[in-house]
Each structure stands twice: as structure tokens, then as C-alpha cells.
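Chains as they are written, first to last, in my numbering: chain W, 2 to 174; chain A, 2 to 174; chain L, 2 to 174.
In what follows, a single structure is set out as C-alpha cells and then discussed.
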Amino acid sequence: MTDIPRRILVLGGARSGKSRHAEARGAGHRGPKRYIATAEAGDEEMAARIAAHRADRGAGWETIEAPRDLVSALRAAMAADAFVLVDCVTVWLSNVMLAEEDPKAAVAALLDVLEEARGTVVLVSNEVGLGIVPDNALARRFRDVAGRANQQLAAACDEVVFVAAGLPLTLKG
Amino acid sequence: MTDIPRRILVLGGARSGKSRHAEARGAGHRGPKRYIATAEAGDEEMAARIAAHRADRGAGWETIEAPRDLVSALRAAMAADAFVLVDCVTVWLSNVMLAEEDPKAAVAALLDVLEEARGTVVLVSNEVGLGIVPDNALARRFRDVAGRANQQLAAACDEVVFVAAGLPLTLKG
Amino acid sequence: MTDIPRRILVLGGARSGKSRHAEARGAGHRGPKRYIATAEAGDEEMAARIAAHRADRGAGWETIEAPRDLVSALRAAMAADAFVLVDCVTVWLSNVMLAEEDPKAAVAALLDVLEEARGTVVLVSNEVGLGIVPDNALARRFRDVAGRANQQLAAACDEVVFVAAGLPLTLKG
Chain W
2 MTDIPRRILV LGGARSGKSR HAEARGAGHR GPKRYIATAE AGDEEMAARI
52 AAHRADRGAG WETIEAPRDL VSALRAAMAA DAFVLVDCVT VWLSNVMLAE
102 EDPKAAVAAL LDVLEEARGT VVLVSNEVGL GIVPDNALAR RFRDVAGRAN
152 QQLAAACDEV VFVAAGLPLT LKG
Chain A
2 MTDIPRRILV LGGARSGKSR HAEARGAGHR GPKRYIATAE AGDEEMAARI
52 AAHRADRGAG WETIEAPRDL VSALRAAMAA DAFVLVDCVT VWLSNVMLAE
102 EDPKAAVAAL LDVLEEARGT VVLVSNEVGL GIVPDNALAR RFRDVAGRAN
152 QQLAAACDEV VFVAAGLPLT LKG
Chain L
2 MTDIPRRILV LGGARSGKSR HAEARGAGHR GPKRYIATAE AGDEEMAARI
52 AAHRADRGAG WETIEAPRDL VSALRAAMAA DAFVLVDCVT VWLSNVMLAE
102 EDPKAAVAAL LDVLEEARGT VVLVSNEVGL GIVPDNALAR RFRDVAGRAN
152 QQLAAACDEV VFVAAGLPLT LKG
């Protein structure tokens with residue numbers, strides 16, 4: 002426990018082990034561990050994914066569901082003695098866009114909360130820009146929004162890790 | 002030549018130079034060099050790809066075709082003095098799924114063989130999770146299977162290398 | 002300013018911050034700074050992207066448009082005291098293929114110009130092979146062309162950097 006906040010961004014592809022890496026970072030933590038889940042169990046496939054993720058996590062996590070209101074959930078969860086994990090930024094941005102809210106404003110609000118961070122905050126986010134240009138315009142727009150958000154979050158965080166095949170590679174910090 | 006097995010996972014995107022990197026690792030090898038090919042020349046495009054790959058390889062390789070039965074092919078090919086290259090895990094997993102076999106069981110069997118590894122075993126595998134979420138459910142399922150397999154293989158290997166634009170980046174080992 | 006040319010390849014995904022990184026490399030440069038743009042404002046979306054990129058660049062850049070004739074544009078722009086930025090190779094290759102020219106010959110000509118490089122030449126290029134295999138054959142072919150080009154350019158350059166979330170990772174140099 003320290004007075005200096007620690008903001009960590011964990012980037013990676015689908016099924017890269019990024020969530021597991023983020024959770025493992027909290028293994029020795031003595032204070033409260035809070036998991037902010039942004040996925041909604043909208044269909045069976047997603048419900049199965051969420052259940053699998055929950056089973057993967059060890060005990061000792063308090064789960065907070067925040068498909069769209071991540072900013073206030075994070076503000077409420079942060080504390081000098083807390084380890085807060087947001088899983089994940091990309092799904093939240095997708096929910097924000099589906100609700101036809103402005104993703105730029107949403108990211109700006111998230112950056113404001115990070116400025117006031119206390120304790121440890123770990124943000125998990127997907128890298129989605131390394132494939133071929135998507136056919137449909139919405140996917141291209143989402144790719145831009147997610148990529149730009151990752152750049153801004155990386156600039157705001159104290160540490161940035163890229164995870165591939167479960168193995169971390171430090172990009173910053 | 003040594004009694005200590007060496008298991009190497011070479012990850013990378015399409016046309017990243019991962020196969021060439023894997024083959025180059027065997028350049029100075031004095032014992033038998035065995036190349037286990039998992040691609041099937043199902044259509045013209047694939048036949049051309051296979052022929053190009055074969056032409057890229059230098060002489061001195063024994064080629065073994067194992068589109069689906071990778072596990073026994075690898076078991077038979079491994080030897081204390083052998084350099085065995087599997088190219089690639091991702092295509093094998095795709096063949097397994099097309100044949101409606103269970104990919105989890107297939108990967109578990111591959112991990113068992115790796116436990117008994119002798120000599121040098123190099124596995125080439127694609128990273129496929131860094132693009133936008135695919136539209137179709139089968140592609141999403143494949144992405145999960147391939148990503149999970151990469152994590153498990155990375156944990157089981159002594160060395161893991163990520164190749165981009167022909168340049169290796171060591172993730173482990 | 003030096004007599005030794007410096008060729009830099011900046012790889013990254015969409016909205017990874019690769020262009021910004023490339024531009025920042027020229028920040029302290031005293032001689033001419035030349036920006037070779039390969040994108041064409043064919044539709045509104047692309048026009049908006051180009052305008053945003055131009056606004057992102059600081060002052061002090063001379064802009065040269067070269068959607069297809071990159072090779073002569075680069076040859077003309079290079080000079081012992083110049084910092085030349087090509088943004089980007091991938092879009093140029095896409096233009097070459099759309100014009101039904103031979104991408105292999107085009108890349109070979111680009112490699113020839115790099116051999117004669119003077120001053121600093123920075124090439125920005127997309128990594129497009131880390132997603133799921135694309136459905137359509139043209140996208141698969143493009144992925145092969147772009148991946149092969151990246152390998153050849155990486156071999157020809159003195160420095161290769163991979164950018165993710167705005168953060169550079171040195172692969173070579």
C-alpha cells in the first residue's frame with residue numbers, strides 16, 4: 002500500500018492472456034480487489050465467455066458490473082489500498098458506441114478519472130488494428146476509436162504491457 | 002546435440018517471416034532435420050502456398066505431411082539428434098476443427114508429446130487475435146481456440162519468439 | 002546532417018500512433034522535411050482521414066502527393082540534408098494493386114531507391130497479418146504482398162520500430 006497511484010495498461014489480442022496477466026498482478030495484494038466488468042451477457046456466447054472469465058479469476062475479487070458507466074464505477078472503486086481491474090476498455094467503448102454516445106467524450110472522462118487515481122488501477126484493453134482493413138464502416142470507425150483510446154491511455158499510464166500468448170512485454174514503465 | 006530437449010514456439014502473423022525464422026534456426030544442425038507440414042493442398046491457392054514454402058526451404062529437410070495427425074507424426078519424428086519443425090499449429094487446429102474433432106483434446110495431446118520432447122522441436126504458430134472481432138461465429142471460435150493453444154504452448158516451451166517483418170523478438174527464454 | 006544515410010521502417014497497426022512517431026523523429030531536424038503522402042482522397046471518409054493527418058503534423062513539412070509513383074517521388078525528395086517521411090507503404094501497395102500493376106516489381110523498385118538513400122528516409126507501414134484469415138481472396142493476396150514487402154523493407158532498413166498504443170519497440174537497429 003502506498004500513496005503513489007499506479008496506473009497500468011495491459012494490451013493484447015483476443016485470448017492473449019491479458020486478463021489473466023492483469024489478475025495475476027493483484028495476487029499478493031492485501032487490500033480490497035475490485036473487478037469492474039464491462040461485458041454484458043447479451044447472448045449465450047457472451048454469457049459463456051463471462052462465466053469462463055469469472056471462473057478463471059481466483060477468489061477474493063469483488064465484481065462490479067459497468068457496461069457503460071465505467072467512469073463513475075472506477076471513481077467509486079479506487080482507493081489508496083485498493084487494486085482495481087477494469088476488464089475491458091474495448092468492450093466498454095463498443096457499448097458506448099452502440100448506445101450512440103460520444104466515445105471521445107467518454108475517453109476524455111476516463112482520462113480525467115485516471116488523473117485522480119489512487120491505489121492501483123489496471124486497465125485491460127484490446128489491440129484491434131493489426132488485421133486487414135475491415136469491410137464495414139462501423140468496424141473501421143470502431144478500430145479508430147479503440148486505437149486512439151489506447152494511445153491516450155498509454156500516455157496517461159505509468160506502465161504499459163503488451164501480452165502475447167500469455168507472455169508480457171513491457172512497452173513503458 | 003544434447004540430452005536436454007529444446008522446445009521453441011515461433012509466433013507471428015501471416016507473411017511475417019516466422020517459417021523462415023524457424024527454418025533458419027536449424028541451419029547449423031548436423032543431425033536429421035524433419036519438417037512436419039500441416040497444410041493440405043485442398044485448392045490451387047493453397048497448393049501454390051505450399052509449393053512456395055517448400056521452395057523457400059533449403060535442401061536437407063525430410064518432409065512429413067500431417068494435416069490432422071500431428072501428434073503421432075511429432076512423436077515419431079522427435080529424436081535426441083533431430084531438429085523437428087512443425088509448420089504450423091494454426092493450420093493443424095483449423096483442420097482438426099473442420100473434421101469436427103475436439104480441439105481442446107487435440108491441444109492436450111500435443112502438450113503431452115511436448116512433455117516427452119527429445120532434441121529440438123520448433124512449433125510455428127499464427128497470432129490471429131489482433132484484428133477486429135470477426136463477423137462469423139466459427140471465426141470467433143477459431144480465434145479463441147488458437148489463442149488459448151498459443152498460451153498453453155508458450156507455457157510449455159523453453160523459448161518463445163514473436164516474429165514481425167522477419168525480425169525476431171524474444172518473449173521468453 | 003551526415004553523409005551516412007539512415008533508413009527507418011516504422012511498423013504498426015491502424016491508429017497505433019506510427020505516423021505520429023515517424024513525424025516526431027523529424028522534430029529536431031534542421032534541413033528540409035518532406036512528407037510523401039500516398040493516400041488519395043477518393044471518398045469523404047478518406048478525405049477526412051487525410052485532413053486529420055495533415056492537422057496532426059506540425060508546420061515545417063513540405064507535402065508531396067504520390068499515390069502510385071512513390072519511387073520517383075522518393076528519389077527526387079531524398080537529399081543529404083533532408084528528412085523524408087513516406088506515409089504509408091501499405092496504402093501505396095494497395096493503390097498499385099488496384100491499378101493492376103505488379104506489386105513485386107514495385108517493391109523491388111522501392112528497394113533499389115533505398116539502396117541509393119541519402120539523408121534520412123522514414124517509411125511508415127501497416128502490419129496487417131495478425132487477424133483472422135480474411136474471407137476474400139483479394140484481401141488474402143494483399144495481406145501476403147504487404148507482409149512480404151515489410152520483410153524486405155525491414156531487411157533493407159538500418160532501424161525497424163514497431164509502434165503499439167503510441168509506444169515504440171525497437172526490432173532492429
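All C-beta atoms, glycine included, are put in the ideal place defined by N, C-alpha and C.
Any C-beta of chain W under 9 angstroms from that of residue i
{"i": "Leu-170 of chain L", "result": "yes"}
{"i": "Glu-117 of chain L", "result": "no"}
{"i": "Asp-159 of chain A", "result": "no"}
{"i": "Ala-40 of chain L", "result": "no"}
{"i": "Asn-127 of chain A", "result": "no"}
{"i": "Asn-137 of chain A", "result": "no"}
{"i": "Gly-19 of chain A", "result": "In the sequence on display, residue 19 of chain A carries Lys and not Gly. Chain W contact via Cβ: absent."}
Beta-carbon contacts of residue i that lie in its chain and below 6 angstroms, excluding the five residues immediately before and after
{"i": "Gly-148 of chain A", "result": "Gly-130"}
{"i": "Thr-171 of chain A", "result": "Val-162"}
{"i": "Val-87 of chain W", "result": "Ile-37 and Leu-124"}
{"i": "Pro-169 of chain A", "result": "His-22 and Val-162"}
{"i": "Ala-165 of chain A", "result": "Ser-17"}
{"i": "Ala-155 of chain W", "result": "Leu-10 and Val-161"}
{"i": "Gly-167 of chain W", "result": "Gly-18"}
{"i": "Gly-59 of chain W", "result": "none"}
{"i": "Asn-127 of chain L", "result": "Thr-91"}
{"i": "Trp-62 of chain A", "result": "Lys-34 and Tyr-36"}
{"i": "Gly-13 of chain L", "result": "Lys-19 and Val-164"}
Neighbourhood of residue i by C-beta distance below 8 angstroms, restricted to the same chain and skipping five residues each side
{"i": "Glu-116 of chain A", "result": "Ala-157"}
{"i": "Ile-9 of chain A", "result": "Ala-23, Arg-26, Thr-121, Val-122, Val-123, Leu-124, Cys-158, Asp-159, Glu-160, Val-161, Val-162 and Gly-174"}
{"i": "Ala-78 of chain A", "result": "Arg-35, Ile-37, Ile-65 and Val-85"}
{"i": "Ala-110 of chain A", "result": "Val-72"}
{"i": "Gln-153 of chain A", "result": "Val-108 and Leu-112"}
{"i": "Ala-230 of chain A", "result": "Only positions 2 to 174 of chain A appear in this structure, which leaves residue 230 of chain A out of reach."}
{"i": "Ile-51 of chain L", "result": "Ala-38, Ala-40 and Ala-42"}
Presumed contact (8 angstroms Cβ cut-off) between residue i and residue j, rounded CB distance
{"i": "Asp-159 of chain W", "j": "Arg-26 of chain W", "result": "Not confirmed; about 13 angstroms, so no contact."}
{"i": "Val-97 of chain A", "j": "Arg-69 of chain A", "result": "6 angstroms"}
{"i": "Val-114 of chain A", "j": "Leu-75 of chain A", "result": "5 angstroms"}
{"i": "Ser-20 of chain L", "j": "His-54 of chain L", "result": "6 angstroms"}
{"i": "Arg-144 of chain L", "j": "Ala-15 of chain A", "result": "5 angstroms"}
{"i": "Ala-81 of chain W", "j": "Asp-4 of chain W", "result": "6 angstroms"}
{"i": "Ala-83 of chain W", "j": "Gly-29 of chain W", "result": "With 8 angstroms as the limit, Ala-83 of chain W and Gly-29 of chain W do not qualify as a contact, their Cβ atoms being about 14 angstroms apart."}
Three-state secondary structure assigned by DSSP to residue i
{"i": "Pro-169 of chain A", "result": "strand"}
{"i": "Ala-80 of chain A", "result": "coil"}
{"i": "Ser-17 of chain A", "result": "coil"}
{"i": "Arg-144 of chain W", "result": "helix"}
{"i": "Asn-127 of chain A", "result": "strand"}
{"i": "Arg-31 of chain L", "result": "coil"}
{"i": "Val-134 of chain L", "result": "coil"}
{"i": "Asp-44 of chain A", "result": "coil"}
{"i": "Thr-39 of chain L", "result": "coil"}
{"i": "Glu-101 of chain A", "result": "coil"}
{"i": "Ile-9 of chain W", "result": "strand"}
{"i": "Glu-160 of chain L", "result": "strand"}
{"i": "Asp-57 of chain W", "result": "helix"}
{"i": "Glu-24 of chain W", "result": "helix"}
{"i": "Trp-93 of chain A", "result": "helix"}
{"i": "Asp-88 of chain L", "result": "strand"}
{"i": "Glu-116 of chain L", "result": "helix"}
{"i": "Met-2 of chain L", "result": "Confidence is the limiting factor: at Met-2 of chain L the pLDDT is only 47, short of 50, which leaves the residue's position unreliable and the question unanswerable from this model."}
Own chain residues within Cβ distance below 7 angstroms of residue i, not counting five before or after
{"i": "Glu-66 of chain L", "result": "Ala-38"}
Minimum Cβ-Cβ distance from residue i to chain A less than 9 angstroms
{"i": "Asp-103 of chain L", "result": "no"}
{"i": "Ile-51 of chain W", "result": "no"}
{"i": "Met-2 of chain W", "result": "With a pLDDT of 47 at Met-2 of chain W, under the threshold of 50, the modelled position of that residue is not reliable, and no figure is offered here."}
{"i": "Arg-144 of chain W", "result": "yes"}
{"i": "Val-134 of chain L", "result": "yes"}
{"i": "Ala-156 of chain L", "result": "yes"}
{"i": "Ala-109 of chain L", "result": "no"}
{"i": "Ala-140 of chain W", "result": "yes"}
Any chain L beta carbon closer than 9 angstroms to residue i
{"i": "Ala-67 of chain A", "result": "no"}
{"i": "Arg-16 of chain A", "result": "yes"}
{"i": "Gly-130 of chain W", "result": "yes"}
{"i": "Ala-166 of chain W", "result": "no"}
{"i": "Gly-13 of chain A", "result": "yes"}
{"i": "Glu-46 of chain A", "result": "yes"}
Item to complete: Could you tell me whether the stretch 109-127 of chain L touches the stretch 132-142 of chain A, where touching means 3 or more Cβ pairs closer than 8 angstroms?
Response: no
Discussion item. Using 8 angstroms as the cut-off, can you tell me whether the stretch 32-52 of chain W makes contact with the stretch 80-100 of chain W, which would need three or more C-beta pairs spanning the two stretches below that distance?
Written reply: yes
Worksheet item: Closer than 7 angstroms, Cβ to any Cβ of chain D: which residues of the stretch 59-84 of chain A, in chain order?
Response: In the displayed structure, chain D is absent; the protein chains listed are W, A and L.
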